[in-house]
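Novice:
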Amino acid sequence: MNAVVGRDDLLLLTLDTLRYDVARESAAAGLLPHLTARLPGGVWEKRHAPGNFTYASHHAMFAGFLPTPAAPGPHPRLFAARFAGSESTAERTFVFDEPDLVTALAARGYHTACIGGVGFFNKRGALGNVLPGLFAESHWEPEFSVASPTSFEAQVACAERVVAALDADRPLFLFVNASALHQPNWFHLPGATREAGDTRTTHAAALAYIDRHVGRLFDVMRSRRRCFAVVCSDHGTAYGDDGYTGHRLGHESVWTVPYGHFFLEPPA
Ligand SMILES: [Zn+2]
Numbered sequence: 001m002n003a004v005v006g007r008d009d010l011l012l013l014t015l016d017t018l019r020y021d022v023a024r025e026s027a028a029a030g031l032l033p034h035l036t037a038r039l040p041g042g043v044w045e046k047r048h049a050p051g052n053f054t055y056a057s058h059h060a061m062f063a064g065f066l067p068t069p070a071a072p073g074p075h076p077r078l079f080a081a082r083f084a085g086s087e088s089t090a091e092r093t094f095v096f097d098e099p100d101l102v103t104a105l106a107a108r109g110y111h112t113a114c115i116g117g118v119g120f121f122n123k124r125g126a127l128g129n130v131l132p133g134l135f136a137e138s139h140w141e142p143e144f145s146v147a148s149p150t151s152f153e154a155q156v157a158c159a160e161r162v163v164a165a166l167d168a169d170r171p172l173f174l175f176v177n178a179s180a181l182h183q184p185n186w187f188h189l190p191g192a193t194r195e196a197g198d199t200r201t202t203h204a205a206a207l208a209y210i211d212r213h214v215g216r217l218f219d220v221m222r223s224r225r226r227c228f229a230v231v232c233s234d235h236g237t238a239y240g241d242d243g244y245t246g247h248r249l250g251h252e253s254v255w256t257v258p259y260g261h262f263f264l265e266p267p268a
């Protein structure tokens, strides 16, 4: 990663709340053609989330603690703030002295842009400004929110505007927090009702909705130069599993997340 930083554009796409089991089953069933075309081997990697809700998990990820492979480690990290005794900092890790990855990339000439989705990125009030405030440019609109049935396509259109407005020579770190998986998501399943509510099935329908538009995001991010992309969930969520509902709780449905990283090559 220390060779990638400074050479390639970077994309971090968090599919907020996406469960690993739903992601794996959807990929295996052929319901995610655009994502599986990019994922190494066409499959999601099983990982453990660095936090059990959005705020905790994104703070950790922005400090270099992406989801951890779900097997005994240590596992070398892609990005790490310098600190003595880190067992997951390896020779190829991009190590920085700044407190977080966003600031570190800005210090190396990157334009940093955030396209928010869930409430912790809504820039309404002090708390909703903490995470977007790390970035040079940040966007949030009600259409990007959990309540919007067209959230992801609106976020992708915003990404296209961010790229179009940027000097072609300037490297870009784009972060997108997709809100479509987060409850409520029932409206992504044709025929579903508010009364029937959110289920693993409507969760899967929301993921298929993301897949239908994610190709546009990948295309705009590879339009300038090669792009290194990380696509993952920040935490899962429970739909009655062992009696649990939601997240910010310690259950396997919350702690286990899908992950993938890959290069997006520019058009020949
Ligand atoms: Zn989240």
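One point on numbering: in the UniProt record's numbering, the residue at position 267 of the sequence shown is 267, and numbering is uninterrupted. All residues carry an ideal CB built from backbone N, CA and C; glycine is no exception. No experiment lies behind these values; they were computed from the predicted model shown.
Can you tell which of Arg92, Tyr55 and His75 has the C-alpha that lies nearest to the C-alpha of Arg248?
Specialist: Residue Tyr55 is the option with its Cα nearest to Arg248.
Novice: Which runs of the beta strand (DSSP E) at least 3 residues long sit entirely within the segment 24-83? Give them in chain order.
Specialist: Segments of the beta strand (DSSP E) lying fully in the segment 24-83: 45-48 and 79-81.
Novice: In three-state terms, what does DSSP make of Tyr20?
Specialist: Three-state DSSP puts Tyr20 in a helix.
Novice: Nearest by alpha-carbon distance to Gly73: which of Arg47, Met61, Phe53 and Ala63 is it?
Specialist: Selected option, being the one with the closest Cα: Arg47.
Novice: Taking 8 Å as the cut-off, is the CB of Phe53 close to at least one heavy atom of ligand 1?
Specialist: Yes, the Cβ of Phe53 comes within 8 Å of a heavy atom of ligand 1.
Novice: Taking all protein chains shown into account, decide if Arg77 is buried (16 or more other Cβ within 10 angstroms of its Cβ) or exposed.
Specialist: Label assigned to Arg77: buried.
Novice: Alpha carbons only, please: which of Ala157, Ala81, Pro258 and Asp234 is nearest the one belonging to Gly215?
Specialist: Selected option, being the one with the closest Cα: Ala157.
Novice: Following the continuous alpha helix (DSSP H) through Ser253, name the residue where it begins and the one where it ends.
Specialist: First-last of the alpha helix (DSSP H) with Ser253: Glu252 to Trp255.
Novice: Relative to ligand 1, is the shortest distance from any of its heavy atoms to the C-beta of His235 smaller than 8 Å?
Specialist: The answer is yes for His235.
Novice: With distance defined between alpha-carbon atoms, name the residue in Glu160, Thr256 and Glu25 nearest to Val176.
Specialist: Out of Glu160, Thr256 and Glu25, Glu160 has the C-alpha closest to the C-alpha of Val176.
Novice: Would you report the Cα separation of Thr103 and Arg24, rounded to the nearest angstrom?
Specialist: Approximately 33 Å between the Cα atoms of the pair.
Novice: Assuming Arg200 and Val22 make a contact with CB atoms under 8 Å, what is their CB distance in whole Å?
Specialist: With a Cβ gap of about 6 Å, Arg200 and Val22 count as contacting.
Novice: Near Glu87, what residues of its chain come up, given a Cβ to Cβ distance below 7 Å and the 5 sequence neighbours on each side ignored?
Specialist: Correct list, in chain order: Pro74.
Novice: Identify the residues that DSSP records as bridge partners of His139: which are they?
Specialist: Answer is Ile115.
Novice: So, at 7 Å on beta carbons, what are the nonlocal neighbours of Leu166 in its own chain, with the 5 sequence-adjacent residues on each side left out?
Specialist: Same-chain partners within the cutoff: His111 and Leu172.
Novice: Taking the beta carbon of Leu32 as the centre, do at least 16 other beta carbons fall within 10 Å, making it buried, or is it exposed?
Specialist: With 16 or more other Cβ atoms within 10 Å, it is buried.
Novice: Within its chain, find whatever has a CB closer than 7 Å to the CB of Ser179; leave out the 5 residues flanking it on each side and keep chain order.
Specialist: Once the five neighbours on either side are set aside, the close Cβ partners of Ser179 are Asp16, Gly117, Val118, Phe144, Ser145, Val146 and Ser151.
Novice: By a C-beta neighbour count over all protein chains shown, 10 Å radius and 16 as the cutoff for buried, is Arg19 buried or exposed?
Specialist: Buried is the call here.
Novice: To which residues does DSSP link Phe175 through a beta bridge?
Specialist: Partner(s): Leu12 and Cys114.
Novice: State buried or exposed for Arg134, treating a residue as buried only when at least 16 other CB atoms are found within 10 Å of its CB.
Specialist: Residue identity differs from the one stated: residue 134 is Leu in this sequence, not Arg. Buried.
Novice: In the DSSP assignment, the alpha helix (DSSP H) including Val156 goes from what residue to what residue?
Specialist: Note, Val156: alpha helix (DSSP H), Ser151 to Ala164.
Novice: Taking 8 Å as the cut-off, is the C-beta of His261 nearer than that to any heavy atom in ligand 1?
Specialist: His261: no, Cβ never under 8 Å from ligand 1.
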